[in-house]
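Its first residue numbered 1, the sequence shown is counted upward by one per residue in the UniProt record's numbering. Ideal placement from N, C-alpha and C gives every residue a C-beta, glycine not left out. Since the model is a prediction, treat every value here as computed from it, not as a measurement. Report on one structure; see the data block that follows.
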Amino acid sequence: MERLQKVIAQSGITSRRKAEELIREGKVKVNGNVVTELGTKVGTKDKIEVNEIQIQREQPVYFLLYKPSGVITAVSDDKGRKVVADYFRDIIEQRVFPVGRLDYDTTGAIIMTNDGEFANVLMHPRYQLDKVYIAKVKGIPPREKIKQLERGIRLEDGMTAPAKAKVTSIDKKKGTAIVELTIHEGKNRQVKRMLEAIGTPVMKLKRERYGFLDLKGLNPGEFRELTPHEIKQLRNLAVTQTSKKSRR
Numbered sequence: 001m002e003r004l005q006k007v008i009a010q011s012g013i014t015s016r017r018k019a020e021e022l023i024r025e026g027k028v029k030v031n032g033n034v035v036t037e038l039g040t041k042v043g044t045k046d047k048i049e050v051n052e053i054q055i056q057r058e059q060p061v062y063f064l065l066y067k068p069s070g071v072i073t074a075v076s077d078d079k080g081r082k083v084v085a086d087y088f089r090d091i092i093e094q095r096v097f098p099v100g101r102l103d104y105d106t107t108g109a110i111i112m113t114n115d116g117e118f119a120n121v122l123m124h125p126r127y128q129l130d131k132v133y134i135a136k137v138k139g140i141p142p143r144e145k146i147k148q149l150e151r152g153i154r155l156e157d158g159m160t161a162p163a164k165a166k167v168t169s170i171d172k173k174k175g176t177a178i179v180e181l182t183i184h185e186g187k188n189r190q191v192k193r194m195l196e197a198i199g200t201p202v203m204k205l206k207r208e209r210y211g212f213l214d215l216k217g218l219n220p221g222e223f224r225e226l227t228p229h230e231i232k233q234l235r236n237l238a239v240t241q242t243s244k245k246s247r248r
């Protein structure tokens, strides 16, 4: 038996928090009866309806995808462009969606799942995990500019949290550099905007690591299933990060 809001979230239709709101609003039925109690538990044979539509209860799945450039982080696109969900359509029965997003031209690690609760934990501002990006930039940032990234950059939508940043290589002939940037936030185009703000626009960007997950053994467009241990580690890491922030 599992809590009703958890089962709804795992179906992928919404987050656990939104599922709780729907239950309180009387929009959820179990076996034809409206349920408003958040502590309600359901079994595998119970029929669950949200807004009069029966949810499809799928076995939760978790994957790490190496997103290539030129692919949209979405489950569909009205212009017919390739999306990350396309890599899974003919391979698994479950309908998976991306956790967070990467820009159209950004490559790298992204988690795909059908577990809405798990996705909510990883994406919620309180739980953000470290994400490591490798950027090829135009220009060679001096040490003072790197320190600005480490202290936080003021963008149009507010100040960024302190980051970890370092220049890993430079090409004086071409006037370019490789910068490694570690952030835990998820502002729109954040890495690109941070590097633009210090005068070194991004030429190429890759998310090298998500939490402790890296792309070792994967080529662009390939994916692998996360192990039960990795899934547990991600949940625990999110909780640990939250505890650290609450003590600050």
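Coarse secondary structure for residue i, derived from DSSP in three states
i           : result
F97         : strand
T242        : With a pLDDT of 47 at T242, under the threshold of 50, the modelled position of this residue cannot be trusted; read the value that follows with caution. Helix at T242.
E58         : coil
K164        : strand
I110        : strand
M123        : helix
V71         : coil
residue 251 : Lying outside 1 to 248, the shown extent of the chain, residue 251 is not represented and no answer is given.
D214        : strand
Q233        : helix
Y104        : coil
E52         : coil
F88         : coil
R193        : helix
Residue of the options minimising C-alpha distance to residue i
i    : options                   : result
A19  : Q190, I198, I55 and I91   : I55
A9   : E117, G108 and E144       : E117
E2   : R17, S15 and G39          : G39
G199 : G80, V137, Q5 and R81     : V137
Y87  : K232, F223, M203 and N236 : F223
K204 : V7, L215, L155 and G139   : G139
I92  : I72, Y66, Y62 and G70     : Y62
E156 : T168, R189, K172 and E230 : R189
Residue i to residue j span [Cα, whole Å]
i    : j    : result
N31  : N51  : 14 Å
F97  : I170 : 37 Å
S246 : A163 : Legend: pLDDT at S246 = 46, less than 50; position of this residue unreliable, value from coordinates given subsequently. S246 and A163: Cα-Cα distance of roughly 18 Å.
L122 : V179 : 25 Å
L218 : Q59  : 25 Å
R24  : T36  : 5 Å
M112 : A119 : 9 Å
E208 : Y104 : 16 Å
L22  : N114 : 19 Å
K47  : K29  : 8 Å
T15  : R95  : The sequence shown places Ser at residue 15, not Thr. Straight-line Cα distance between these residues: approximately 15 Å.
G12  : G211 : 22 Å
A135 : K174 : 15 Å
D77  : V83  : 7 Å
L4   : T73  : 29 Å
R81  : L102 : 15 Å
P228 : K172 : 46 Å
I231 : A85  : 20 Å
G43  : V71  : 38 Å
K168 : V191 : According to the sequence as given, residue 168 is Thr; it is not Lys. Cα-Cα distance, rounded: 16 Å.
K147 : P141 : 10 Å
R143 : L149 : 10 Å
Y66  : A177 : 23 Å
L215 : K206 : 11 Å
Own chain partners of residue i with C-beta closer than 7 Å, once the 5 adjacent residues on each side are dropped
i    : result
A238 : V121, L122, Y127 and L129
L64  : A109, I111, L213, F223, R224 and L226
P68  : T107, P220 and G221
K6   : R16 and E117
L234 : L122 and G211
V75  : V83, A85 and F97
Nonlocal neighbours in the same chain, by C-beta distance under 8 Å from residue i, ignoring five residues either side
i    : result
A196 : Looking at the sequence shown, residue 196 is not Ala but Glu. Taken in chain order, the residues that qualify are V202.
G26  : V34 and T36
H184 : Q128, L129, D130, K131, A161 and Q241
T182 : D130, K131, V132, Y133, A163, K164 and A165
R151 : P162
Spatial neighbours of residue i in its chain, beta-carbon cut-off 6 Å, leaving aside the 5 residues before and after
i           : result
I153        : T160, M194 and A197
residue 255 : This structure gives no information on residue 255, because the portion of the chain shown stretches from 1 to 248.
S243        : Its pLDDT being 47, under 50, S243 is placed unreliably by the model, and the measurement read from it follows with that caveat. Nothing meets the Cβ criterion.
9 Å Cβ cutoff, residue i in contact with chain B
i    : result
Q233 : Judged by its chain identifiers, the structure shown contains no chain B, having just a single protein chain.
3 or more residues per run - each beta strand (DSSP E) lying fully within the region 3-46:
Listed in chain order, the complete beta strand (DSSP E) runs (minimum 3 residues) inside the region 3-46 are 28-30.
Ignoring anything shorter than 3 residues, give me the beta strand (DSSP E) runs that lie fully in the region 127-185, in order along the chain.
With a minimum length of 3 residues, the unbroken runs of beta strand (DSSP E) contained wholly in the region 127-185 fall at 131-138, 164-171 and 176-183.
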